[in-house]
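In order, the protein sequences belong to chains A, B, C and D. Here my numbering = 1-based position in the first sequence + 2. Here my numbering = 1-based position in the second sequence + 2. Here my numbering = 1-based position in the third sequence + 2. Here my numbering = 1-based position in the fourth sequence + 2. Everything below concerns the one structure shown next.
There are 4 protein chains.
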Amino acid sequence: MIVTIDKSASNGVIDALGAASVRSGATIRVIDWNDGSLSVNVLGQIEPDVLSHPAVAGIHHPSKPYRLASKEHRETTVVRVGDVEIGNGKPVIMAGPCVVSDVEQLVSAAEAVKAAGATILRGGAFKPRTSPYSFQGLGEEGLQILAGARAVTGLPVVTEVMEPDQVDVTAAYADMLQIGARNMANFPLLRKVGKTRTPVLLKRGFSATIEEWLMSAEYILAEGNAQVVLCERGIRTFDNSMRFNLDLNAVPFLKELTHLPVVVDPSHGTGKRSLVASMALAAIAAGADGLIIESEPNPDSAKCDSAQTIEPEQLAAIARKAMAIAELIEADELALV
Amino acid sequence: MIVTIDKSASNGVIDALGAASVRSGATIRVIDWNDGSLSVNVLGQIEPDVLSHPAVAGIHHPSKPYRLASKEHRETTVVRVGDVEIGNGKPVIMAGPCVVSDVEQLVSAAEAVKAAGATILRGGAFKPRTSPYSFQGLGEEGLQILAGARAVTGLPVVTEVMEPDQVDVTAAYADMLQIGARNMANFPLLRKVGKTRTPVLLKRGFSATIEEWLMSAEYILAEGNAQVVLCERGIRTFDNSMRFNLDLNAVPFLKELTHLPVVVDPSHGTGKRSLVASMALAAIAAGADGLIIESEPNPDSAKCDSAQTIEPEQLAAIARKAMAIAELIEADELALV
Amino acid sequence: MIVTIDKSASNGVIDALGAASVRSGATIRVIDWNDGSLSVNVLGQIEPDVLSHPAVAGIHHPSKPYRLASKEHRETTVVRVGDVEIGNGKPVIMAGPCVVSDVEQLVSAAEAVKAAGATILRGGAFKPRTSPYSFQGLGEEGLQILAGARAVTGLPVVTEVMEPDQVDVTAAYADMLQIGARNMANFPLLRKVGKTRTPVLLKRGFSATIEEWLMSAEYILAEGNAQVVLCERGIRTFDNSMRFNLDLNAVPFLKELTHLPVVVDPSHGTGKRSLVASMALAAIAAGADGLIIESEPNPDSAKCDSAQTIEPEQLAAIARKAMAIAELIEADELALV
Amino acid sequence: MIVTIDKSASNGVIDALGAASVRSGATIRVIDWNDGSLSVNVLGQIEPDVLSHPAVAGIHHPSKPYRLASKEHRETTVVRVGDVEIGNGKPVIMAGPCVVSDVEQLVSAAEAVKAAGATILRGGAFKPRTSPYSFQGLGEEGLQILAGARAVTGLPVVTEVMEPDQVDVTAAYADMLQIGARNMANFPLLRKVGKTRTPVLLKRGFSATIEEWLMSAEYILAEGNAQVVLCERGIRTFDNSMRFNLDLNAVPFLKELTHLPVVVDPSHGTGKRSLVASMALAAIAAGADGLIIESEPNPDSAKCDSAQTIEPEQLAAIARKAMAIAELIEADELALV
């Protein structure tokens with residue numbers, strides 16, 4: 003059972019719920035959402051009369067294991083990253099280089115992607131690499147460079163965290179914390195970002211089912227962080243002719259199941275520069291709330307993921323067409339029944 | 003080596019190629035294309051001077067195993083099904099019921115999908131079913147009903163063939179022969195439809211790689227039938243939350259590799275009615291030349307695939323939006339670089 | 003419902019079942035098994051009193067869609083290929099070259115694998131090849147060579163059929179008909195081999211589920227051919243470091259579900275010569291009734307599948323160890339509970 | 003390049019290598035192995051004359067990205083967990099409950115699996131659970147109980163760590179640290195267990211390729227911990243009829259690539275109690291160095307993974323047969339060529 007509570011009059015009812023849970027053996031978790039509301043997640047049975055308290059604004063009995071992420075819990079969520087809204091109907095473009103290497107590179111990339119229509123800057127400071135001998139990112143120095151690029155361009159920044167101990171320092175610099183595909187089921191990390199009040203971009207593990215992905219979102223929500231965006235970034239299939247296989251089916255399917263915004267990463271999802279534009283537009287046509295794309299001025303000299311990084315000129319064309327497709331999809335005169 | 007020949011002056015050079023192949027131990031296959039041209043597929047080495055004959059219009063040395071299907075061989079192919087062109091830049095909608103059950107059902111479905119914007123009628127007479135105890139289709143009676151619906155509505159028809167012995171009778175009634183996913187690697191069947199001059203809709207096997215799929219097209223092309231359309235219809239992955247997983251990455255990837263038109267089947271590709279519209283529009287945004295969709299007036303009473311069959315009203319909305327997206331994708335002022 | 007009937011007194015009851023099915027709208031299929039028994043497969047409801055006829059020896063209500071293949075239908079099946087029994091507790095080794103190329107090659111290979119312990123000879127006359135330009139096998143000439151090698155060595159032969167029209171000629175020469183992985187869902191072909199009385203080796207499609215595989219067996223059984231052996235030969239997964247991924251889990255899982263014998267093909271299942279011995283022994287330890295292995299005297303010069311073909315000396319070692327493991331698995335003093 | 007150094011005379015050469023690396027821009031990493039040897043992992047070029055130092059015992063130029071895990075680096079590794087050796091040719095059985103719930107349960111389980119032939123006790127204190135609402139393990143209290151069971155039975159214990167901050171406390175109690183499948187690519191965690199001198203059981207991610215798995219082992223080895231055992235525990239495929247799909251092909255394939263011991267987990271690998279014995283024996287026949295099996299006295303009341311937990315009596319039968327198969331595989335008179 004999930005109980006929604008009027009925050010201004012909440013103390014009495016929370017105490018009463020606590021007392022009732024002790025009597026019945028249920029567990030209660032009070033969630034003080036960073037969107038200003040208050041919920042109580044009740045695991046187990048509880049005496050029904052405690053729910054007649056006037057501060058109880060709503061009750062629902064979840065049918066899904068991802069009780070807070072489910073559309074049963076709320077209709078939509080708009081996530082705010084700096085001044086940018088994700089999930090308000092207009093596609094958001096996040097773009098930037100794979101990895102932060104120095105101030106000049108990042109500022110020039112940030113200005114280029116901003117001019118192309120991006121409103122959030124991406125870039126890696128902590129990089130998960132298959133080989134221990136590959137460049138692992140600049141760490142905190144990279145975070146400082148990201149913050150510098152934000153100061154210059156005004157773009158809020160999203161960057162990856164890889165372990166619980168990196169969360170606080172990263173949240174001090176960044177506007178959004180990315181959980182990478184390899185960490186989708188790193189539960190201590192999910193709990194830790196759930197305890198912050200910084201928005202989270204939760205990438206899908208490349209062999210995670212839709213339900214497992216929503217359960218990972220649930221770990222974050224259950225700690226009270228309501229600002230979660232799901233990011234489809236390609237799954238692993240039998241077909242290795244591309245690096246990964248972008249699963250756009252996930253977009254409309256998630257829209258039926260969850261209130262959380264959904265964005266798509268066609269760069270990692272295909273691993274192939276020439277396919278990025280087509281799959282980006284397809285993602286928007288499928289209903290995605292935004293795109294995250296690797297782009298910088300000289301893709302061929304990119305320090306990582308060069309083969310999937312596009313030029314800002316192509317990013318600009320994608321951004322223009324994405325907006326037009328999103329409007330067309332919503333247009334009344336062409337309405338889907 | 004593939005040698006393109008001026009048909010009006012071809013006899014001499016073909017004889018010369020034949021003689022040269024005997025001397026060098028090469029194999030030659032003369033392909034009298036149903037689009038009016040003539041090619042000679044040379045497997046092995048041949049004396050170069052025989053190629054200086056004036057009737058030789060072109061020579062290329064294929065680098066891909068799918069030598070005729072490759073974009074190296076020709077730039078584009080437009081396939082003609084009745085009066086309908088597939089691959090000319092405007093998306094084509096093929097629609098109709100999963101299976102043909104009787105004249106009234108089919109004619110009413112055909113009129114409904116025509117009104118919704120479909121220009122080719124689909125419907126199954128021979129049905130591949132997982133269980134030997136399921137309804138296997140009406141067979142030739144179903145073909146007669148399809149021909150009747152064409153007579154009433156003017157829509158050309160596409161229908162599946164399952165074995166070599168069905169090809170001639172099906173080609174006598176239908177305008178396009180469908181090879182189903184389970185038969186993509188049924189090589190005797192591919193050779194047999196290759197020997198006809200009827201257009202072929204070649205569905206992707208649900209665990210076939212892109213290259214295996216193009217090799218299956220090659221079986222048809224190698225017999226001289228140039229009228230092949232590829233159809234993505236969903237692959238099998240670890241994620242069974244949907245029936246199949248529509249692989250839209252295949253669309254732009256095929257466009258780089260082959261001159262054959264590519265259409266998408268969002269009905270089988272998702273198996274879920276509520277996802278069909280989003281994935282249909284995404285397919286067009288990804289660059290598909292058309293859609294094949296299961297639709298009939300009363301989806302809930304459909305004899306098979308009911309869960310993925312949509313109403314003609316929704317088909318009409320998809321058709322309108324698909325046209326608008328295709329135009330937008332091509333529009334100069336929004337050009338992709 | 004499946005009704006087992008005493009063959010000597012069957013006429014009256016079959017007429018009665020037929021009449022009852024007409025009254026109730028059920029369908030009945032009389033199966034005159036090539037193992038001498040008689041069953042009636044009743045699809046739909048039927049009046050219960052017709053079942054009290056004295057010739058009715060047994061009745062069961064199947065809970066699985068593969069009603070005849072299910073262990074509910076019978077406990078075990080022993081398939082006889084020439085004088086060789088598959089499914090009697092002792093592992094059977096089938097071996098030989100990938101493809102039949104000439105008499106000398108095949109006879110020498112047959113003698114070598116016989117000396118190594120093989121009791122059935124394998125070899126391809128009709129070959130399914132991904133490319134239309136690859137060698138497609140010798141066809142009927144290959145069948146004649148196989149029959150010749152049988153005459154010399156006494157080994158019964160198993161060989162692949164690819165289309166319904168090849169079934170009769172192949173059955174005239176061979177002792178067992180192989181359905182290849184690509185044809186596991188070629189339903190017209192399954193029906194055609196079901197109408198013969200020749201044993202069938204049914205390979206698993208490389209992305210077929212266990213249930214789909216049993217449904218394909220059901221197509222054969224439903225035509226009255228009880229002599230079906232299932233062959234696991236590798237599935238397709240995300241991991242392409244091997245050609246296929248031999249799925250040994252299928253062996254004990256099938257043993258719970260079906261009475262049909264199960265053999266394993268470690269040659270195609272791994273595609274890698276150095277892994278064949280380990281996976282062959284693992285298959286026997288998992289409970290397989292036999293192995294089918296590509297082996298010939300000079301693997302490196304094999305006309306196809308050279309990389310997975312082993313020398314007869316290694317085959318002999320596998321055969322010896324396989325027998326020892328099978329005995330050990332069954333040994334009482336080490337009994338599994 | 004990897005330089006092996008005589009430890010007793012190492013100082014001079016390490017200084018020389020360091021100086022040379024500064025001059026050439028290479029990176030060197032000195033690895034003081036917990037097996038008593040010393041290696042220098044040189045990334046980049048270095049002047050060749052520094053290698054003529056008398057303390058240089060060996061040099062090899064790795065051809066694989068997993069340079070330390072590769073068989074090029076050393077032939078075999080025997081890992082010691084307490085008094086137990088893994089990788090010495092005799093299969094090791096690790097067994098115990100999924101999760102530690104209390105002292106009585108664990109001690110009784112430990113005594114039962116010891117009597118059945120297990121020599122290492124497994125049990126979870128920190129549990130990765132898909133749902134934030136499932137029991138997450140007892141944490142340090144669970145570690146104390148494990149240490150208590152070791153004191154009673156003498157069995158060394160293996161238990162999972164989920165985040166870097168848990169490593170030191172877990173290493174203080176346990177004899178072997180398990181990295182679970184979901185954490186195979188948790189690189190900060192791998193580095194942290196690499197810095198300990200406690201043996202590590204590295205489970206394969208359920209969609210990790212063989213090479214990715216070896217690269218994860220490389221993260222541990224690169225920190226100087228040579229005591230790594232690989233554990234195959236099932237991969238994710240299209241076939242969901244079992245929980246996972248145990249990939250025994252990995253066993254002989256790894257034996258060609260790496261010197262690290264390989265064990266198999268048939269409990270998670272199948273998720274089905276009735277398949278555990280067959281797949282355990284198949285793993286040994288495939289060449290595995292050991293098994294890790296969930297077993298406790300009352301499987302049906304197990305707090306987690308009940309469906310895949312077996313009774314100690316069945317474990318005893320598996321252990322007996324596993325030993326017999328391992329001997330038979332190695333027996334000279336049945337030698338594989």
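Just so you know, even glycine gets a beta-carbon here, dropped at the ideal spot from N, CA and C.
Worksheet item: Helix, strand or coil for residue 185/C per DSSP?
Response: helix
Item to complete: Please confirm whether any heavy atom of the ligand NAD lies closer than 6 angstroms to the CB of residue 136/B.
Response: The ligand NAD is absent from the structure shown, which contains no ligands of any kind.
Practice prompt. Alpha carbon to alpha carbon, how far is residue 239/A from residue 300/A? Give it in angstroms, no decimals.
Written response: 31 angstroms
Worksheet entry | Pairwise C-alpha distance: residue 4/D and residue 60/D | 8 angstroms
Discussion item. Taking only three categories from DSSP, how would you classify residue 75/D?
Written reply: coil
Worksheet item: Count the other CB atoms within 10 Å of the CB of residue 156/D; is the residue buried (16 or more) or exposed (fewer)?
Response: exposed
Worksheet item: Residues of chain B with a CB under 9 angstroms from the CB of residue 188/C: which are they?
Response: 130, 164, 165, 184, 185, 188 and 191
Item to complete: Mind listing the chain D neighbours of residue 311/C? Cutoff is C-beta to C-beta under 7 angstroms, in chain order.
Response: Within 7 angstroms Cβ-Cβ: nothing; residue 311/C doesn't reach chain D, min ~14 angstroms.
Worksheet item: Are the C-beta of residue 339/C and some C-beta of chain A separated by less than 7 angstroms?
Response: Unreliable positioning characterises residue 339/C in this predicted model, as indicated by a pLDDT of 46, which lies under 50. A coordinate reading is not provided.
Worksheet item: Residues of chain D with a CB under 8 angstroms from the CB of residue 238/A: which are they?
Response: 209
Worksheet item: According to DSSP, what are the bridge partners of residue 286/C?
Response: Answer is none; residue 286/C lacks a bridge partner.
Discussion item. Using 7 angstroms as the threshold, is the C-beta distance between residue 168/B and residue 128/B below it?
Written reply: yes
Worksheet item: Comparing the C-beta of residue 242/C with each C-beta of chain A, is any distance below 7 angstroms?
Response: yes
Worksheet item: Is it right to say residue 339/A is buried, meaning 16 or more other beta carbons lie within 10 angstroms of its own, or is it exposed?
Response: Residue placement at residue 339/A is poorly supported in this model, since its pLDDT is 46, which falls under 50; the coordinates still yield a value, given next. Per the 10 Å Cβ criterion, exposed.
Worksheet item: Touching or not, the segment 224 to 232 of chain C and the segment 261 to 274 of chain C, by the rule of three or more beta carbon pairs under 8 angstroms?
Response: yes
Discussion item. With distance defined between alpha-carbon atoms, name the residue in 243/B, 143/B and 294/B nearest to residue 178/B.
Written reply: 294/B
Practice prompt. From the DSSP output, in three-state form, read off residue 60/B for me.
Written response: strand
Practice prompt. Out of 16/C, 81/C and 34/C, point me to the one whose CA is closest to residue 54/C's CA.
Written response: 16/C
Discussion item. I need the straight-line Cα distance from residue 313/B to residue 241/B, nearest angstrom please.
Written reply: 27 angstroms
Worksheet item: According to a CB-to-CB cut-off of less than 8 angstroms, which residues of the segment 285 to 307 of chain B neighbour chain A?
Response: 285, 286, 287, 288 and 289
Discussion item. With three or more C-beta pairs closer than 8 angstroms as the rule, is the segment 89 to 104 of chain C touching the segment 284 to 294 of chain C?
Written reply: yes
Discussion item. Tell me the rounded alpha-carbon separation between residue 321/B and residue 36/C.
Written reply: 55 angstroms
Discussion item. At the 7 angstroms Cβ level, is residue 204/A part of the contact set with chain D, yes or no?
Written reply: no
Fill in: Proximal residues of chain B, C-beta to C-beta of residue 181/A below 9 angstroms
Residues of chain B passing the Cβ test: none, with the nearest at roughly 19 angstroms.
Item to complete: Using a Cβ cut-off of 7 angstroms, pull out every chain C residue sitting near residue 93/D, in sequence order please.
Response: In chain order: nothing, as chain C lies at least about 12 angstroms away.
Worksheet item: Which value, in whole angstroms, describes the spacing of the CA atoms of residue 28/C and residue 22/C?
Response: 8 angstroms
Worksheet item: Is residue 354/C helix, strand or coil by DSSP?
Response: Absent from the model: residue 354/C. The displayed extent of chain C is 3 to 339, so no value can be given.
Worksheet entry | Length-filtered (4 minimum) alpha helix (DSSP H) runs lying within the segment 200 to 229 of chain D | 212 to 223
Worksheet item: Which bits of chain D does residue 224/A rub up against, with CB to CB less than 9 angstroms?
Response: 134 and 135
Item to complete: Enumerate in chain order the residues of its own chain whose CB-to-CB distance from residue 274/B is below 8 angstroms, with the five nearest sequence positions on each side excluded.
Response: 244, 245, 309 and 310
Discussion item. Can you give me the C-alpha to C-alpha distance between residue 99/C and residue 249/A, rounded to a whole angstrom?
Written reply: 41 angstroms
Fill in: For residue 146/B and residue 105/B, the rounded distance between their alpha carbons
9 angstroms
Fill in: For residue 95/C, the residue or residues it bridges with in DSSP
293/C
Worksheet item: How is residue 339/A classed by DSSP in three states: helix, strand or coil?
Response: Its pLDDT being 46, under 50, residue 339/A is placed unreliably by the model, and the measurement read from it follows with that caveat. It is coil, neither helix nor strand.
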